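In what follows, a single structure is set out as C-alpha cells and then discussed.
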Ligand SMILES: Nc1ncnc2c1ncn2[C@@H]1O[C@H](COP(=O)(O)OP(=O)(O)OP(=O)(O)O)[C@@H](O)[C@H]1O
Ligand SMILES: [Mg+2]
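Put into C-alpha cells, the structure is as follows:
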C-alpha cells in the first residue's frame, strides 16, 4: 500500500486539527500550497439515522489527492462511491470524519472543484456554448471573457462547429464532451468525475479519456475519478484505490507505474504491467 | 484525433439532408390525409344528423338540426351579436386566464424556495383545489356584482389552483443532480432558481397554460349563466330557456372556436419561447 501524500492520512496529526495547516487567516486560494488540494480523513456516512433505521454505507475512508495527480476509485456497485464524491464536494455532509481542501476543513462547496457525472446534465434549453458558459455565468465573469474561454474549450475538445447546437441535436459522445468543457470552463484545479464515460462506446471513450488526461496533466490539475471500469482506472491513473462492499472501506491502494508519458491510452493498455494491475485489482474487487 | 470522432459523430446526427426531406414529405402527406378523413367524418355526421331530423319535428326540436344551426349562425353574424358576445366572453376569459396563471404560477414557483412553507400550505391548497368552482358562483356574484368583475373572478378562480399546482410540480421536479451541479459551481439559491428551476419548469407551465385556457372559458361562461346581460354564456342560457336548441348549438360552436383559438395561440407562443424543444417545431 502506498501513501504518497501523508498529510491527512496520518491519524496522529488529524486528531489535533487540519493536517499541515498552520492556523493562518489568509483565504485558502491565496495560499494554494498548504497541504494537498484534497484530502479526506476517516470519513463515513450513515443514512437514515434520524428515523431510527440507520444504514451504514461508508465506514471509514481516508485518502488524499496531490497536485497534478490522477487518482481513481473503483468499487463494487452500490458501495457508496457517488456518496463519497458528494461528501468530498461538500454536497453531502459526512456523518464522521472531515474533508480538507488545501489543508482547510471544507465548509460549503469548494471554490475550484469541477464536478461531473455519468449523466451529462446539460440544460436542454441552452445551446452547447451556453451550457459551457454556465459555470462562468454563475461566477459572474464578464460576457466577453466568458465567450472567449468557452470558444477556446470548444476548439480543444473538437466541438468547434457545434457551439450553437442544442443538446438534443448532439450525439452521446458530443454531449459528454460538452459536459467536460462545462466542467473545465471555470478553470477548476480539482476535477471530481463520477463514471463520466461509462455510457460511451469503447472508441469514443478512449478518445475522451485521452483528452481528459491531456487537459489534466498538461495544466497541473488534479483528478479524482470514480469508475466501474478497472482498465480505465489503470490506464488513466497514477493511483487506484479499491473499495469494499458496504459498509465501505479501502481494500487496497496501487501506485500505477506504466511506461510512456501516460497520455496515450492505447499504449498504456499494451504494456505487460497493465494486465497485471488489472488482474490484481479484479481479484481485490471481490465481485459477488 | 478527437476532431475525427466528432466528425463521425456528426454523420450520425438525426436526419442528414436526404433523410430529413424525405421524412418531411411523408409527414406532410400524412397530415393531409388526416385532415381529409376528419373533414369527411364531419360531413358524414352532419348529413346523418340532418337526415334524422328532417322527417321528425320532435327530433329537430330535441336535438336541433345542422341547417337550423347554420341559419342561427348566419343571423348572429348578420346582426353582429356574435361579435359582441364573443368579445365580452373572450375578454373575460383572457383576463381571468392571464390573472389566474400569473398568480398561480408565481405562488407555485415561489413555494420552491421553502419546503417548510409549502408543506404548511399543502392541505389548504388541496382543499381549495377540490372546491367545485361552479358552486362558488353565487358568492362571487354577491362579492363582485353582476358585471365584468364577477366573470373575471370566476375565470381566475377556475385557473389559479391548477396553475399553482402544476408550476410547483414543475419547479420541485427538477433533477436533483442538476441542482447539485449548480451548487458545485457555487451557485446561490437565486441563481439556481433563475438559471435552472425557472427554465426547467417552462415545459410544465406551458402544459398548464394549455389546460387552463379551457378552464378559464368555463369559469367565464358559468359566471355569465348566473347573471349577465351579454356574452356567449348569456346567449346560451337565454336560448336554452326558450328551448331553441339549434341556437344553443350555434352559440356553443362559437364557444368551441374561441377555445380552439386560445389553445392555438398558447401553442404558438410555446414554440416561439421554447426553440430548443425540437419535438414542438
Ligand atoms: N439519500 C440517501 N438515503 C438513503 N440511502 C442512500 C441515499 N443515497 C444513497 N443511498 C444508498 O447508498 C448506497 C450507495 O449509493 P451510491 O450511489 O453512493 O453507490 P455507488 O457506489 O455510487 O453505486 P454505483 O456504482 O451503482 O454508482 C446505495 O445502496 C443507496 O441506496
Ligand atoms: Mg454511483
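Chains as they are written, first to last, in the numbering used here: chain C, -12 to 275; chain Y, 77 to 357.
We treat Cβ as the ideally placed atom computed from N, Cα and C, and that holds for glycine.
Source: prediction; values computed, not measured.
Contact list for residue i against chain Y, beta-carbon separation under 8 Å
| i | result |
| --- | --- |
| residue 68 of chain C | Chain Y residues near residue 68 of chain C: none, gap ~15 Å exceeds 8 Å. |
| residue 125 of chain C | 258, 261, 262, 263, 267, 271 |
| residue 128 of chain C | Ordered by position in chain Y, no residue passes the 8 Å Cβ test against residue 128 of chain C, which lies about 12 Å from the chain. |
| residue 100 of chain C | 260 |
Coil, strand or helix - residue i by DSSP
| i | result |
| --- | --- |
| residue -11 of chain C | Model confidence at residue -11 of chain C stands at a pLDDT of 41, short of 50, so the residue's coordinates are unreliable; what they give is reported in the following sentence. Coil. |
| residue 268 of chain Y | helix |
| residue 29 of chain C | strand |
| residue 222 of chain Y | coil |
| residue 306 of chain Y | coil |
| residue 35 of chain C | coil |
| residue 192 of chain Y | helix |
| residue 201 of chain C | helix |
| residue 90 of chain C | coil |
| residue 122 of chain C | helix |
| residue 85 of chain C | strand |
| residue 262 of chain Y | coil |
| residue 320 of chain Y | coil |
| residue 300 of chain Y | helix |
| residue 163 of chain C | helix |
| residue 155 of chain Y | helix |
| residue 132 of chain Y | coil |
| residue 257 of chain C | helix |
| residue 244 of chain Y | helix |
| residue 251 of chain Y | coil |
| residue 206 of chain Y | helix |
| residue 185 of chain C | coil |
Rounded distance between the beta-carbons of residue j and residue i, thought under 8 Å
| i | j | result |
| --- | --- | --- |
| residue 234 of chain Y | residue 176 of chain Y | 7 Å |
| residue 204 of chain C | residue 250 of chain C | 7 Å |
| residue 230 of chain Y | residue 172 of chain Y | 7 Å |
| residue 239 of chain Y | residue 288 of chain Y | 6 Å |
| residue 149 of chain Y | residue 315 of chain Y | Not confirmed; about 12 Å, so no contact. |
| residue 195 of chain C | residue 160 of chain C | 7 Å |
| residue 75 of chain C | residue 268 of chain C | Actually they do not touch by this definition, with Cβ atoms about 21 Å apart. |
| residue 172 of chain C | residue 95 of chain C | That pair is no contact at about 21 Å. |
| residue 48 of chain C | residue 237 of chain C | 6 Å |
| residue 181 of chain C | residue 213 of chain C | 5 Å |
| residue 144 of chain C | residue 162 of chain C | Residue 144 of chain C to residue 162 of chain C, Cβ: 12 Å. No contact. |
| residue 251 of chain Y | residue 104 of chain C | 10 Å between Cβ atoms; not a contact. |
7 Å Cβ cut-off: residues of chain C touching residue i
| i | result |
| --- | --- |
| residue 259 of chain Y | 78, 96 |
Contact set for residue i: own chain, Cβ-Cβ below 8 Å, skip 5 residues either direction
| i | result |
| --- | --- |
| residue 151 of chain C | 114, 115, 116 |
| residue 166 of chain Y | 334 |
| residue 36 of chain C | 82 |
| residue 265 of chain C | 217, 218, 221 |
| residue 331 of chain Y | 165, 293, 297, 308, 312 |
Beta-carbon proximity list for residue i, same chain, < 7 Å, skipping 5 on both sides
| i | result |
| --- | --- |
| residue 70 of chain C | 32, 44, 45, 79 |
| residue 243 of chain Y | 180, 181, 184, 185, 277, 280, 281, 284 |
| residue 245 of chain C | 255, 258, 260, 261 |
| residue 243 of chain C | 221, 224, 225, 226, 227, 264 |
| residue 77 of chain C | 93, 95, 96, 97 |
Per-residue contacts from residue i into chain C (C-beta, under 8 Å)
| i | result |
| --- | --- |
| residue 272 of chain Y | 110 |
| residue 253 of chain Y | 104, 106, 108 |
| residue 348 of chain Y | What residue 348 of chain Y touches in chain C: nothing, since even the nearest Cβ is about 13 Å away. |
| residue 214 of chain Y | Here the premise fails: no neighbours, minimum Cβ distance about 45 Å. |
For residue i: DSSP bridge partner residues
| i | result |
| --- | --- |
| residue 229 of chain C | C:61, C:239 |
| residue 214 of chain C | C:61 |
| residue 103 of chain C | C:180 |
| residue 50 of chain C | C:27 |
| residue 42 of chain C | C:34 |
| residue 209 of chain C | C:177 |
Short CB-CB distance (under 7 Å) between residue i and chain B
| i | result |
| --- | --- |
| residue 209 of chain C | This model lacks chain B altogether, as its protein chains are C and Y. |
Neighbourhood of residue i by C-beta distance below 6 Å, restricted to the same chain and skipping five residues each side
| i | result |
| --- | --- |
| residue 161 of chain Y | 307, 308, 311 |
| residue 299 of chain Y | 226, 227, 230 |
| residue 177 of chain C | 24, 25, 100, 209 |
| residue 144 of chain Y | 322 |
| residue 56 of chain C | 209, 225 |
| residue 83 of chain Y | Bear in mind that the predicted position of residue 83 of chain Y carries a pLDDT of just 42, short of 50, making it unreliable; the figure below should be weighed with that in mind. Same-chain partners within the cutoff: there are none. |
Residue i Cβ short of 6 Å to ligand 4 heavy atom set
| i | result |
| --- | --- |
| residue 262 of chain Y | Ligand 4 is absent from the structure shown, which contains only ligand 1 and ligand 2. |
Contacts of residue i in chain Y (Cβ-Cβ under 7 Å)
| i | result |
| --- | --- |
| residue 122 of chain C | 261 |
Proximal residues of chain Y, C-beta to C-beta of residue i below 9 Å
| i | result |
| --- | --- |
| residue 173 of chain C | 261, 262 |
| residue 264 of chain C | In chain order: nothing, as chain Y lies at least about 25 Å away. |
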